[in-house]
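Peer 1: Below is one structure. I have some questions about it.
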Amino acid sequence: YINSWAGWQINYPSDQDFKIETRPYTDYFEIGKGLGYVISFVKIGPTQKTNTEFYDGISFSIAVAIKDKNMSLKDCAENETKPNPGVGSTREYFNETTVNGIKGYEAHVTSFGQNRYIFLPYPNNTGKAYRFFIISEGADKAEYDKIVNSMLSTFKFTQ
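Below you can see the structure in the form of structure tokens.
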């Protein structure tokens, strides 16, 4: 998949049943403030029921997020993944990470399931960041995690 507008490319397994969804940023992430779209790769697991909370499959979303130009990528990532006691969320961990040679930050947040966030720098623009929001849940979680990690290993900038 190539997103020429946002300047990235990623491979996803052709032998898996993925649906690609696109939606405006403002509908999905507070940080977006209307910049572009969220691209989601969704694989529904065998026990997932329609119109219920996501609990079986993969939801792998990538977007370009606006951040304060004076805020570091680390501070942006920490701010966007801070625990929210009002909804019972907790941040399990926050670390530096590398995605296919690109250094960034990763956090795991528990809130209605296990949510994995990854923030990567946007090339040549300190007012933006790539934001990944990944959920993999269900009886086949170990296999789903392998698929997610395989996809991450192919992410690259095209600009």
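No gaps in the numbering here: position 118 of the sequence shown is 129 in the working numbering, and each next residue is one more. Even for Gly, the Cβ is constructed at its ideal location relative to N, Cα and C.
#1: Look at tyrosine 66 and glycine 18 and say whether their C-beta atoms are less than 8 Å apart.
#2: So which of Val98, Asn106 and Thr109 has the shortest CA-CA distance to threonine 121?
#3: Drop a sphere of 10 angstroms on the beta-carbon of isoleucine 13, count the other beta-carbons inside from all chains shown, and report buried for 16 or more, exposed for fewer.
#4: Phenylalanine 144 to isoleucine 129, Cα distance in whole Å?
#5: I'd like to check one pair, phenylalanine 29 with lysine 54: are the Cβ atoms closer than 8 Å?
#6: Residue range of the alpha helix (DSSP H) that serine 161 falls in?
#7: Could you have a look at lysine 85 and say whether DSSP puts it in helix, strand or coil?
#8: Since isoleucine 129 is in the beta strand (DSSP E), which residue starts that stretch and which ends it?
Peer 2: Taking the structure as given:
#1: No, these two residues do not count as a Cβ contact at 8 Å.
#2: Taking the Cα of threonine 121 as reference, the smallest distance to any Cα among Val98, Asn106 and Thr109 is reached at Val98.
#3: Isoleucine 13 is exposed by the Cβ-count criterion.
#4: Taking the straight line from one Cα to the other gives about 7 Å.
#5: In this structure, phenylalanine 29 lies closer than 8 Å to lysine 54 by Cβ.
#6: Where serine 161 is concerned, the enclosing alpha helix (DSSP H) starts and stops at 152-163.
#7: When secondary structure is reduced to three states using DSSP, lysine 85 falls in the helix class.
#8: Where isoleucine 129 is concerned, the enclosing beta strand (DSSP E) stretches over 125-132.
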